[in-house]
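Peer 1: Chains as they are written, first to last, in the numbering used here: chain A, 1 to 620; chain B, 1 to 620.
Glycine included, C-beta positions come from ideal geometry on N, C-alpha and C.
Quick caveat, the model's predicted, so the values are computed rather than measured.
What follows is the structure, given as structure tokens:
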């Protein structure tokens, strides 16, 4: 490919709305173009990258005995009604009506379509296990697309579905698939991706893992224990308050946690539930429940200030409403902690949103407490495990302008059942090794795998006949990778100030040939010869044949991020030489006689390939 | 691949709703599964076929200096508003509103997206010409999906867009692209595809061609002249009534044409315009215009019967309404001819539908004639060229229950302008060689190419600066191929009663290895050895390793249509032999010693490949 003919512009300036490097560099480098919010066209360099990623994924899926199929993008709503997701999934599912009035959806994931495809085929045990996969465009009505290809509305995804007759078989396959994913990320150049336990969310099922590239640009919070290697998505991380010795809990310890993400205590933040400052003073001796007048005190921070106590000595109420019927959910937790909405949703089994508290509800916004709480009929009242056994807390009095002090959960809320609804926090207790060692990192989710159990097969009446002639319901696993997001993640992990540093395995080209001063006929002829010879040797070459300054030529080459660079120039040409170097490593530059250039390039490509492959784990 | 593990069932029975062979065989052979009207999932054999077709297309597009990109499936309506197509395209364009209330469409073609992608890039002449293409899922709200993959609502399409600074450059590129298309179809195994002139329809532009596989299963009508090679889609075929000698026209000649498609004269048929029987008696001598009472006579057939004249001696009125404002369009043509709606739409520049004639309109349904016609304001009155110079015709009198005889167009309609609005018919005059030689064939459109001119670049304000510094509007070509439809077309062209006969270039596998009596350990071991050896030699093998009867094994093999077949059996095994044959050619069967089997297979594959390539035209 000659750069003079490559469709797409490159830009010096970073567009103002770019918050992450991959977004900025992929716009600046002519990889993609904005079409609408969260929707991009791919230009040739990105298309070349994603095709290589797709080929790596395909090879690994085939090695898992996967069979490539394709499901429709536009699906009849009836399939999603069978599984129940037509009702349960929110507005991220694009619904429409076709010209004949039939209800349709745009598939954002294809469990239903997979079951529909094999429901009759897989009617006898001898056909199990099997896996089918596709690589396809999907559409998801994201509320807040952001960060370029990291969170988009339209994307290409590999989605795979496996079918099994036993949990053991699913687990064996799941382990092979987990390894295949590690191989895919390593082959694509980011072996550092970590596998973390995750929440299954709207997919259903029991066990799931996410593959996370840890980077400040990520939008997920990952809980890690450097001591024992525990890792989980914040949404799935268990929150522990009592070590085995029974003493880890309490205000001092919790204060660390309160530092993290404290901004969310402000009820005005849209993503958080409506938080209700509840007040009281902490004390270790048993004390009576006493009303305190607290005019104008609504938030936990105001309450703690007003009473001169730590937020961890308060009992906070956070109020949501169920999407389906708008009934209220009031969750009490220790004042210094945050609600983990994924855990709450998972417990409730339905979607929720931050509450709008009306006067008729009987709830006193800002003054809600667990004693004598009279919400409207159908209100769900929940207690986080952080409150279990605590006493001497401040809380709301369920009366405008009043709080209580001296709350003793055991005494005052004898019927409370405690469950884990809080977010893990930095410095918190690791649920595996029990040490106060948790750290929180940001990560980009580049893939996920789920043990779905029988959620889809049961609801969609898929059955097979086992060895004994009995009808049984098979179980499923599903496995996703976003192709564009993976490309952007590699860019996040591998770039410098000037552009991406593409790994040789997915680079748009292997070699970038710069012809400096192409107006010099001798130099031009040398570059043309090299271009020909490299192509004949099967090397993918991008040939910058333009008459532009060295500055433009090198900044464009940096933006295109091709790993091996070959430079011809008047001086080199006079010496019968060319210069070979690696992107992002000027120190690697060597001069080679022209006739050794092709071999030199091939050796470099081999070297880079071998270094990459050395980090790829074996298949199991 | 082992057949025992291949996902998908094969069936003996033809599903009752299949009207074409490819539809039936692809369902019966486990190639695809019905999901919704005009929407299918692809099973592994079809996925393998379409991937091979896509790779052939990609190679030919790259050889045309095409650069692969990808456009979004979901596009903002604003882009289609810029080009004007948001309003002008009907309900086959799927429109929806996203969760934020923004109007969107699902791209059924991507001219707008292509212009949006390169509008800034291609701002100077030096960047021209260039071509970008993608292979992508598209959705089209077909009113009547039919015939399996021939006419679907969701499909994979290669769409390419070229940009030029002169008509000459576009024409040169167009010719190269036309040749590339011929290569694609020949490489896919159907070199017999013909290239016909076509109507540009909603795409706009001047010149366009369609690539047609002639088969009774096709849904397009193709006009062919076996004498001179003229070929055109019915929609675009010029209709000629006068040969150069000036005598070809007249009732006797026209009677042939009237046989074809006569059913459409019934005004009750929904697809046709509202047809209005007009009456009168034909005569060659000038005669006066006279009213005739014709109670209950509404159609041309009734009128001709009533007056004992040929339909070609009548002047027929066909009435439409414009979609945009419902104003009437009254078209007069000779009574034996059919309206070519594509020509009419193209002349009007807007979409039309069969008229609903109300009492208030002033039009007398069944009695409309060209003399003293008083339609409502805004009515468009048109005359087909077939009427030019005719006299002595019967026509409507614009009065309930009355017609006229003795119509002399020159005398009675002195202001009429005549244009070509009629359908060509079998036995009609070839517009190129002038002979009465036209034949009508059915065809499947497997590809199309368009010279778009500046329709999109002008409306979307795409400009470039030429050598002299002047701003100019570039012109475009566009080039489409439906991947799934091509697969189905090959199946239409290449099948027997038992299944498809896939060409080696796109066959799902190259070799089908049948292990007869695999319960015999020796036979099984031989088959296993062959499977291994063939795979090591790089051959794509489908290995039927099941314990099933010969009948099941061979009927499945026929349905899968793999070109080379290898059979192991107890008898062959005892002789140390295997049997090699070609699909659909039992006479080709030969016995080979086991150790010669791999070489034999490779030679067969080579032979089939060379035979195919011999029919592929050179690139230009």
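I want to see whether chain A comes within less than 7 angstroms of residue 123 of chain B, judged by CB atoms only; does it?
Peer 2: No - not a single Cβ of chain A is within 7 angstroms of the one on residue 123 of chain B.
Peer 1: With distances taken between CB atoms, is the gap from residue 214 of chain B to residue 443 of chain B smaller than 7 angstroms?
Peer 2: Yes. Within cutoff.
Peer 1: So residue 29 of chain A and residue 560 of chain A are supposed to be a Cβ contact under 8 angstroms. How far apart are they, rounded?
Peer 2: At roughly 6 angstroms, the Cβ-Cβ gap stays under 8 angstroms, so residue 29 of chain A and residue 560 of chain A are in contact.
Peer 1: Below 6 angstroms CB to CB, which residues in the same chain sit around residue 448 of chain A once its five sequence neighbours on both sides are set aside?
Peer 2: Answer for residue 448 of chain A: 210 and 480, listed in chain order.
Peer 1: Taking Cβ positions, are residue 70 of chain A and residue 71 of chain B nearer each other than 7 angstroms?
Peer 2: No, Cβ-Cβ distance for residue 70 of chain A and residue 71 of chain B is not below 7 angstroms.
Peer 1: Where does residue 108 of chain A sit, in a helix, a strand or coil, going by DSSP?
Peer 2: Coil.
Peer 1: Using the C-alpha atoms, what's the distance from residue 183 of chain A back to residue 384 of chain A?
Peer 2: Their Cα atoms are separated by approximately 39 angstroms.
Peer 1: Let me make sure I understand the geometry here. Which of B:161, B:192, B:52 and B:45 has the alpha-carbon closest to that of residue 617 of chain B?
Peer 2: If we check each option's Cα against that of residue 617 of chain B, B:192 comes out closest.
Peer 1: Let's see if you can read the secondary structure: which residues bound the alpha helix (DSSP H) around residue 573 of chain B?
Peer 2: Element bounds for residue 573 of chain B: 570 to 574.
Peer 1: When burial is assigned at 16 or more other CB atoms within 10 Å of the CB, is residue 491 of chain B buried or exposed?
Peer 2: With 16 or more other Cβ atoms within 10 Å, it is buried.
Peer 1: So, at 6 angstroms on beta carbons, what are the nonlocal neighbours of residue 145 of chain A in its own chain, with the 5 sequence-adjacent residues on each side left out?
Peer 2: Closer than 6 angstroms at Cβ, skipping near neighbours: 37, 38, 151, 152 and 153.
Peer 1: Helix or strand or just coil, what does DSSP make of residue 80 of chain B?
Peer 2: Of the three classes helix, strand and coil, the one that applies to residue 80 of chain B here is helix, per DSSP.
Peer 1: What's the gap between the Cα of residue 163 of chain B and the Cα of residue 179 of chain B?
Peer 2: So the two alpha carbons sit approximately 18 angstroms from each other.
Peer 1: For a contact meaning CB atoms closer than 7 angstroms, what does residue 39 of chain A contact in chain B?
Peer 2: Ordered by position in chain B, the residues that pass the 7 angstroms Cβ test against residue 39 of chain A are 72 and 74.
Peer 1: So with Cβ pairs under 7 angstroms, would you call residue 99 of chain A a contact of chain B?
Peer 2: Taking Cβ atoms only, chain B reaches closer than 7 angstroms to residue 99 of chain A, which makes this a yes.
Peer 1: How many Å lie between residue 8 of chain B and residue 590 of chain A at the Cα?
Peer 2: Between residue 8 of chain B and residue 590 of chain A, the C-alpha separation is close to 56 angstroms.
Peer 1: Check the Cβ of residue 139 of chain A against every Cβ in chain B and list those closer than 8 angstroms, keeping chain order.
Peer 2: In chain order: 73 and 74.
Peer 1: Can you list, in chain order, the residues of its chain whose CB lies under 8 angstroms from that of residue 73 of chain A, leaving out five sequence neighbours each side?
Peer 2: 106, 107, 136, 137, 138 and 139.
Peer 1: Report yes or no: is there a C-beta of chain B within less than 7 angstroms of the C-beta of residue 354 of chain A?
Peer 2: For residue 354 of chain A, the answer is no, since every Cβ of chain B falls outside 7 angstroms of its Cβ.
Peer 1: Which two residues bound the contiguous alpha helix (DSSP H) that contains residue 346 of chain B?
Peer 2: Counting along the chain, the alpha helix (DSSP H) containing residue 346 of chain B begins and ends at 341 to 348.
Peer 1: When you compare each of B:181, B:97 and B:132 to residue 684 of chain B by their alpha carbons, which one comes out closest?
Peer 2: Look at the range of chain B in this structure, 1 to 620, and you will see that residue 684 of chain B is not part of it.
Peer 1: Within the continuous beta strand (DSSP E) that includes residue 154 of chain A, where are the two ends?
Peer 2: Taken as a continuous stretch (DSSP letters only), the beta strand (DSSP E) holding residue 154 of chain A covers 154 to 164.
Peer 1: Go through the region 289 to 346 of chain A residue by residue and report every complete run of the alpha helix (DSSP H) that reaches 4 residues or more, in order.
Peer 2: 300 to 307, all fully within the region 289 to 346 of chain A.
Peer 1: Indicate whether at least one CB of chain B lies closer than 7 angstroms to the CB of residue 463 of chain A.
Peer 2: With 7 angstroms as the cut-off, residue 463 of chain A does not count as an interface residue toward chain B.
Peer 1: As a quick exercise: from A:131, A:166 and A:49, pick the residue whose alpha carbon is nearest that of residue 454 of chain A.
Peer 2: Among A:131, A:166 and A:49, the Cα nearest to that of residue 454 of chain A is on A:166.
Peer 1: Is the number of C-beta pairs between the region 572 to 581 of chain A and the region 537 to 547 of chain A that are closer than 8 angstroms three or more?
Peer 2: In short, these stretches do not touch, since the Cβ pair count stays below three.
Peer 1: Kindly indicate which three-state DSSP category residue 524 of chain B falls into: helix, strand or coil?
Peer 2: It is helical.
Peer 1: With a cut-off of 7 angstroms, does the C-beta of residue 96 of chain A fall near any C-beta of chain B?
Peer 2: So, interface residue.
Peer 1: Looking at chain A, is there any beta carbon in it that lies within less than 7 angstroms of the beta carbon of residue 35 of chain B?
Peer 2: Answer yes: the Cβ-Cβ gap between residue 35 of chain B and chain A drops below 7 angstroms somewhere.
Peer 1: Whole angstroms are fine: how far does the CA of residue 375 of chain A sit from the CA of residue 365 of chain A?
Peer 2: Straight-line Cα distance between these residues: approximately 11 angstroms.
Peer 1: Whole angstroms is fine: what's the gap from residue 120 of chain A's alpha carbon to residue 462 of chain A's?
Peer 2: Roughly 8 angstroms between the two C-alpha positions.
Peer 1: Tell me the start and end of each unbroken beta strand (DSSP E) in the region 398 to 481 of chain B that is at least 3 residues and wholly inside, in chain order.
Peer 2: Whole beta strand (DSSP E) segments, 3+ residues: 402 to 408 and 439 to 453.
Peer 1: With 16 as the cutoff for other CB atoms within 10 Å, does residue 410 of chain B come out buried or exposed?
Peer 2: The residue in question, residue 410 of chain B, is exposed, as its Cβ has fewer than 16 Cβ neighbours within 10 Å.
Peer 1: Between residue 397 of chain B and the rest of its own chain, which residues show a CB-CB distance below 7 angstroms, the 5 nearest in sequence each way excluded?
Peer 2: Correct list, in chain order: 291, 367, 369, 403 and 404.
Peer 1: Would you please verify whether the beta carbon of residue 130 of chain B is less than 7 angstroms from any beta carbon of chain A?
Peer 2: Residue 130 of chain B counts as touching chain A.
Peer 1: To the nearest angstrom, report how far apart residue 380 of chain B and residue 452 of chain B are at their CA atoms.
Peer 2: About 28 angstroms.
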